[in-house]
Amino acid sequence: MTTPPPSEPETAAVPTCYRHPGRETYVRCQRCDRPICPDCMREASVGFQCPECVAEGNKTVRRTQTVFGGKAVTAPRATWTLLVLNVLAYVAETLSPGPVIANFQMDAGAVYYGEWWRLVTGAFLHAPLTGNTFMITHILFNMWALYVIGPELERRLGSLRFLALYLLSALGGAVAVYLFGIAAVGASGAIYGMFGALFVVSRRLGYDARGVLWLIGINAVITFMVPTISWQGHLGGLITGAVVGGILAYAPQRSRNAFQWGGCALVLAALVAVVLTMPPYIYQLQLGFPS
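Quick note: the sequence shown, position 262, residue 1331 per my numbering, numbers continuous.
(1) In chain order, what are the residue ranges of uninterrupted alpha helix (DSSP H) at least 4 long that sit wholly in the region 1151-1213?
(2) Which residue marks the beginning of the alpha helix (DSSP H) containing A1278, and which one marks its end?
(3) Here's the rule I'm using: 16 or more other beta-carbon atoms within 10 Å means buried, otherwise exposed. How should E1093 be labelled?
(4) Reducing DSSP to helix, strand and coil, say where T1292 ends up.
(5) Does the beta-carbon of T1309 have 16 or more other beta-carbons within 10 angstroms, so that it is buried, or is it exposed?
(6) Considering just the uninterrupted stretch of the alpha helix (DSSP H) at S1238, what are its terminal residues?
(7) Rank A1158, M1212 and T1135 by C-alpha distance to the C-alpha of R1325 and give the top, closest one.
(8) Is Q1099 helix, strand or coil by DSSP?
(9) Given a cut-off of 8 Å, decide if G1302 and G1255 are closer than it, judged by their beta-carbon atoms.
(10) Below 8 Å between beta carbons: does that hold for G1305 and A1266?
(11) Taking only the alpha-carbon atoms, compute the straight-line gap between R1225 and R1273 and give it to the nearest angstrom.
(12) Should L1164 be labelled buried (16 or more other beta-carbon atoms within 10 Å of its own) or exposed?
(13) Hey, how far is the Cα of R1056 from the Cα of F1117?
(14) Taking its Cβ as the centre, do 16 or more other Cβ atoms sit within 10 Å of A1339, making it buried, or is it exposed?
(15) In chain order, what residues of the same chain lie with their CB nearer than 6 Å to the CB of I1260, ignoring the 5 residues before and after it?
(16) Helix, strand or coil: how does DSSP classify R1225 here?
(17) Would you list the residues sitting across from P1104 in a DSSP beta bridge?
(18) If you follow the alpha helix (DSSP H) that F1328 is in, where does it begin and where does it stop?
(19) Which same chain residues, not among the five before or five after T1297, have their C-beta less than 7 Å away from its C-beta?
(20) For the alpha helix (DSSP H) that contains G1116, what are its first and last residues?
(21) First and last residue of the alpha helix (DSSP H) that includes T1309?
(22) Assuming Y1182 and P1348 form a contact by the criterion Cβ under 8 Å, report the distance between their Cβ atoms to the nearest whole angstrom.
(23) Reducing DSSP to helix, strand and coil, say where A1124 ends up.
(24) Check whether the Cβ of A1320 lies closer than 8 Å to any Cβ atom in chain B.
(25) Taking the alpha-carbon of I1208 as reference, which of G1091, S1257 and A1327 has the nearest alpha-carbon?
(26) Hey, out of L1237, D1277 and V1290, whose CA is closest to G1314's CA?
(27) Using a Cβ-Cβ cut-off of 7 Å (strictly less than) and excluding sequence neighbours within five positions of R1103, which residues of its own chain qualify?
(28) Under the DSSP definition of a beta bridge, which residues are partnered with A1253?
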């Protein structure tokens, strides 16, 4: 009996990348087991994955959040942006103090007649030098406070919530000037708003807030002792900041985003309504403003 000759071994198909069919590869995705070439490999905890599996896995990863629900902050970019804007505005008013102050400071009468931008722009201006170097302390103190307190609050709240707090506090200070003052410049309303929010946030987290109370108290004494300081802007900003800080810090977790942004929207609406429905009382009394 004759033994048949051995058959030729079958040639196994060489696997190719599922995304690049012309590329041979023996590496497979750890999740879907499809062959992937070096350009398609994404390093995983074990082996490699394909781009589609990596994208699908990222959908299920929870976004890192701050303690009060905002996106986690690695660098306080909102604080640095506000610092830069304040400094640039100060440079502009130093180079051309007359036009900048005249057109952008907070002025109760001008706001009444429709120049609403002053409610915001006035918070980015400060007392110009105008030959008096002592006035530079105005912007130096405010920027020092923003530099020291801003990053802490931004990391606790998240950048967007911190911006909302800052701008609403600035607006609250401007509305108080509108009602009970005549004109003012400075970021003090926003800074005092941060003081108020820092106190609320500290209490919410169980920290000792006595240091913040001392800070507020000392600055309150200075506010009422120096006649050129706008106590209206300071007080309005402090109250608004404390209210917004409470909304952000005490929002119920199950409906946190809706509560926080809805609350901020209500504060904004209330401030706008005040300006729309009420006259600038002190301006009216002191300058004979028509009722």
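The C-beta atom is built at its ideal place from N, Cα and C for all residues, glycine as well.
Quick caveat: nothing in here was measured; it's all calculated off a predicted structure.
Result, derived from the coordinates:
(1) DSSP runs (the alpha helix (DSSP H)) wholly in the region 1151-1213: 1166-1173, 1177-1181 and 1187-1190.
(2) Where A1278 is concerned, there is no enclosing alpha helix (DSSP H), because DSSP gives it neither an H nor an E.
(3) So E1093 counts as exposed.
(4) Three-state result, T1292: helix.
(5) Buried, by the Cβ-count rule.
(6) Looking at the DSSP string, the run of the alpha helix (DSSP H) that includes S1238 is S1228 to F1249.
(7) By alpha-carbon distance to R1325, the top candidate from A1158, M1212 and T1135 is T1135.
(8) Secondary structure at Q1099: coil, using DSSP grouped into helix, strand and coil.
(9) Yes.
(10) For G1305 and A1266, no; Cβs fall outside 8 Å.
(11) Taking the straight line joining both Cα atoms gives about 11 Å.
(12) Counting Cβ neighbours within 10 Å, L1164 comes out exposed, since fewer than 16 surround it.
(13) As displayed, the chain neither begins before 1070 nor continues past 1360, which places residue 1056 out of reach and without an answer.
(14) Counting C-beta atoms within 10 angstroms of its own C-beta, A1339 has fewer than 16 neighbours from the protein chains shown and is therefore classed as exposed.
(15) N1211 and A1214.
(16) Taken through DSSP and simplified to helix, strand or coil, R1225 comes out as helix.
(17) Partner(s): R1097.
(18) Start and end: R1325 to T1346.
(19) Answer for T1297: no residue qualifies.
(20) First-last for G1116: undefined, no H or E at that position.
(21) Residues W1300 to A1318.
(22) Contact doesn't hold; Cβ gap of about 11 Å is too wide.
(23) Helix, per DSSP.
(24) This model lacks chain B altogether, as it is built from one protein chain only.
(25) In terms of CA proximity to I1208, S1257 leads the group G1091, S1257 and A1327.
(26) Out of L1237, D1277 and V1290, L1237 has the C-alpha closest to the C-alpha of G1314.
(27) Correct list, in chain order: Y1087, R1097 and C1119.
(28) M1175, per the DSSP bridge assignment.
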